[in-house]
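Input: a single structure, listed below in structure tokens.
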Amino acid sequence: GETAVEAGADAAELIAARLRDGTDMPNRSPASIGGFVKALASDWRAYKDPKKLAEKSPKVILLASAARRCVKFVPGLRDGFGQVVLKLFAKHMKVKDQEKQLRKKKWVCAVGTPNRVLQLAESGALNFSGTKLIIFDVQPDHKKFNLLETAGDDVFQLLRKHVGPAMEENERGVKLAFF
């Protein structure tokens, strides 16, 4: 059998192989996120195909450090895909309502905080079987902290317990990107 360290190393290699970086983007404002997604995903138009959408699994998920930061990305994602964006963060929204939204409709884009996305994944309301791209907003927030400083534990738990296994099951995998 494989040791936990070997399994962890394999998972890290798998994740690293799918990692993309947005540092070469000329404009990294939240409004430019639609263009960033299109630059990473040559087949982005297929993301909107209703026949290819999966239940409980948005095609694109953006993780940001706080609700305030998440809200800034909604217009750029909406404009980029011409779709309503699912909001997965705590500000004024209950977990039960978000679970209901995930069951009721198939989503192209979602934006959320790592903690809320992890809660939804843990409850089974959200999965990554149909997810093609996860974007980590690593820009400093209004307090000068980035996502990995404020929510690193939740990010790594999400990757280890939910995204990694989905990457192994899905032969084309999930792309990961830093914005």
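In our numbering, the protein residues as written are 23 to 201.
Cβ coordinates follow ideal geometry from the N, Cα and C atoms, glycine included.
Model, not experiment: these values are computed from the prediction.
Notebook entry, point to check: Would the region 174-181 and the region 128-143 be scored as touching if the rule is three or more Cβ pairs under 8 Å?
Noted result: yes
Next item on the list: Please go through the same chain and pick out, in chain order, the residues whose beta-carbon is closer than 6 Å to the beta-carbon of Lys81, but skip the five residues on each side of it.
Entry: Tyr69, Val130, Lys154
Note to self: So, with DSSP's three-state summary, where would you put Val107?
What the structure shows: strand
Margin query: Using 8 Å as the threshold, is the C-beta distance between Leu62 and Ala199 below it?
Written below: yes
Note to self: Can you tell me which residues form a DSSP beta bridge with Ile83?
What the structure shows: Ala132, Ile156
Next item on the list: Might you give, ordered along the chain, the residues of its own chain that have their beta carbon closer than 6 Å to the beta carbon of Ala76, omitting 5 neighbours on each side?
Entry: Ser151, Gly152
Notebook entry, point to check: Exposed or buried, which one is Lys73 when buried takes at least 16 other CB atoms within 10 Å?
Noted result: exposed
Check: From this set, Arg90, Gly57, Val117, Ile55, which residue's C-alpha is nearest Lys165's C-alpha?
Finding: Arg90
Margin query: Given this structure, state the Cα-to-Cα distance separating Val106 from Arg100, to the nearest angstrom.
Written below: 6 Å
Item checked: Simplified DSSP assignment, three categories, for Ala61 -> helix
Item checked: Bounding residues of the beta strand (DSSP E) (the contiguous stretch that carries Leu198) -> 197-200
Next item on the list: Buried or exposed for Gly102, please, with buried defined as at least 16 other CB atoms from any protein chain shown within 10 angstroms of its CB.
Entry: buried
Note to self: Let's test the definition: count the other Cβ atoms within 10 Å of the Cβ of His114 and tell me whether it reaches 16, buried, or not, exposed.
What the structure shows: exposed
Margin query: Taking DSSP's pairing of strands, which residues face Ala76 in a bridge?
Written below: Ser79
Next item on the list: Quick one: measure Cβ to Cβ for Ile157 and Leu84, integer angstroms, because I've assumed they're closer than 8 Å.
Entry: 4 Å
Note to self: Tell me which residues share the same chain as Phe167 and place their Cβ nearer than 7 Å to its Cβ, disregarding the 5 neighbours each side in the sequence.
What the structure shows: Ser87
Notebook entry, point to check: What did DSSP end up calling Met19 once you bin it into helix, strand or coil?
Noted result: Only positions 23 to 201 of the chain appear in the structure, and residue 19 is not among them; the question remains open.
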